[in-house]
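The letter at position 65 of the sequence shown is residue 64 when you use numbering that gives the first Met the number 0, and the numbering goes up by one with no holes. Every residue, glycine too, gets a C-beta built ideally from N, C-alpha and C.
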Amino acid sequence: MDPVLIVLRGNAVTGKTSVASSLQERLGTTDVMLVQQDISEEHVDMQIQMIQKLVNYGKKHFHYVILDGVLPKDSYGEMLHELIEDFGSQQLVYYFNDSFEQTVKYNEQKIQPHDIDKLKSWWIDSDLLSDEDVKLENGGIEQYSDQIIDDINDLPLF
């Protein structure tokens, strides 16, 4: 089986990292490389290079590479399109499409919630890479993980 790239994108505090961790646990920690991008927009060029190197390393050594982050299209879109193209049919791209109001509710449940004004400043409405992105909305970690596992099982075997 060729390695699979799973991209989890969306605004801060929408559950991407929780779903990525759930997938890593379910798929097997030795079979999954998890690459995470923080919210920081400092040194974007260096972050892009590091993400590319990590994902390419993961492609050579793991069955699954999960890329999780806000990854705004304006800054990361070109790199993401290149990675997606490189994985061919063995890639799945998800966009966590919750409303800002739902994000605020998730934020209130965090041990260390973000400042609401900070969340607003980070917010990007419907930052899809393409029409082919799978929108995840109004669900939970288990539901999203189940859907992604089902989608993996539907991928071609070669």
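Item to check | Residue range of the unbroken beta strand (DSSP E) whose run includes Gly9 | outcome: Run containing Gly9: Val3 to Gly9, per the beta strand (DSSP E) assignment.
Checklist entry - Fully enclosed by the region 4-76, which alpha helix (DSSP H) runs are 4 residues long or longer? => result As far as the region 4-76 is concerned, its whole alpha helix (DSSP H) runs of at least 4 residues are 15-26 and 43-60.
Checklist entry - Any idea which residues DSSP pairs Phe95 with across the strands? => result BP columns for Phe95 point to Gly9 and Leu135.
Item to check | Candidates Leu128, Asn106 and Leu53: closest to Tyr75 by CA position | outcome: Scanning Leu128, Asn106 and Leu53 for the CA closest to the CA of Tyr75 turns up Leu128.
Checklist entry - Going along the chain, which residues of its own chain have a beta-carbon closer than 7 Å to the beta-carbon of Asn106, five neighbours each way excluded? => result Excluding sequence neighbours, Asn106 sits near Val12, Pro112, His113 and Leu118.
Next on the checklist: Once DSSP output is grouped into helix, strand and coil, what is the label at Gln111?
Outcome noted: Residue state, collapsed to three classes: coil.
Next on the checklist: Suppose you measure from the CA of Tyr143 to the CA of Glu136; what does that come to, to the nearest Å?
Outcome noted: Tyr143 and Glu136: Cα-Cα distance of roughly 9 Å.
Checklist entry - Residue range of the alpha helix (DSSP H) that Ile147 falls in? => result Ile140 to Asn152 is the span of the alpha helix (DSSP H), which, as asked, contains Ile147.
Next on the checklist: DSSP has Gln90 in a bridge; who is on the other side?
Outcome noted: Gln90 is bridged by DSSP to Leu4.
Next on the checklist: Distance check for Asn10 and Asn55, CA to CA, integer angstroms please.
Outcome noted: Computed Cα separation, rounded: 25 Å.
Checklist entry - If we count the other Cβ atoms within 10 Å of its Cβ and call it buried at 16 or more, is Phe95 buried or exposed? => result Looking at its Cβ environment, which holds 16 or more other Cβ atoms inside 10 Å, Phe95 is buried.
Item to check | Backbone secondary structure at Ser125 - three-state DSSP | outcome: In the structure shown, Ser125 sits in coil (DSSP, three-state: anything other than H, G, I, E or B).
Next on the checklist: Below 8 Å on the Cβ atoms is my contact criterion, and I expect Gln46 with Gln36 to pass it. Report the Cβ-Cβ distance as a whole number of Å.
Outcome noted: The pair is a contact, with the Cβ atoms about 6 Å apart (cut-off 8 Å).
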